[in-house]
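A short worksheet on the structure shown next.
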């Protein structure tokens with residue numbers, strides 16, 4: 548499910564950059580500039596969603612693995 552969401556977001560970024568003109572280059576995490584091309588927007592969208600969803604998901608998996616079920 549996680550991978551599907553990341554791929555959908557990357558596809559949306561690709562399509563937006565393909566059909567919308569005059570876009571400014573996005574900056575990943577406000578630091579790394581990406582080119583204002585379809586591949587740049589696809590990478591930006593996919594990576595941004597992967598980080599935004601991936602870190603909380605990893606924390607939930609980590610915490611749930613450490614919870615004592617007997618308590």
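In this note's numbering, the protein residues as written are 548 to 618.
Beta carbons: idealized from backbone N, C-alpha and C, even for Gly.
Quantities reported herein were computed from a predicted structural model and do not represent experimental measurements.
(request) Note the first and the last residue of the continuous alpha helix (DSSP H) segment covering residue 612. (result) Where residue 612 is concerned, the enclosing alpha helix (DSSP H) stretches over 585-613.
(message) Please determine whether the Cβ atom of residue 564 lies at a distance below 7 Å from any heavy atom of the ligand ZN.
(response) Ligands displayed in this structure: none; no statement on the ligand ZN is therefore possible.
(message) With a threshold of 8 Å, are at least 3 pairs of Cβ atoms found where one atom belongs to the stretch 583-594 and the other to the stretch 558-575?
(response) With a cut-off of 8 Å, the stretch 558-575 and the stretch 583-594 count as touching, because enough Cβ pairs lie within range.
(request) State buried or exposed for residue 553, treating a residue as buried only when at least 16 other CB atoms are found within 10 Å of its CB. (result) With 16 or more other Cβ atoms within 10 Å, it is buried.
(request) Note down the Cα distance separating residue 577 from residue 608, rounded to an integer number of angstroms. (result) One C-alpha to the other measures close to 28 Å.
(request) Could you tell me whether the Cβ atoms of residue 592 and residue 557 are closer together than 8 Å? (result) Cβ distance < 8 Å, so residue 592 and residue 557 count as in contact.
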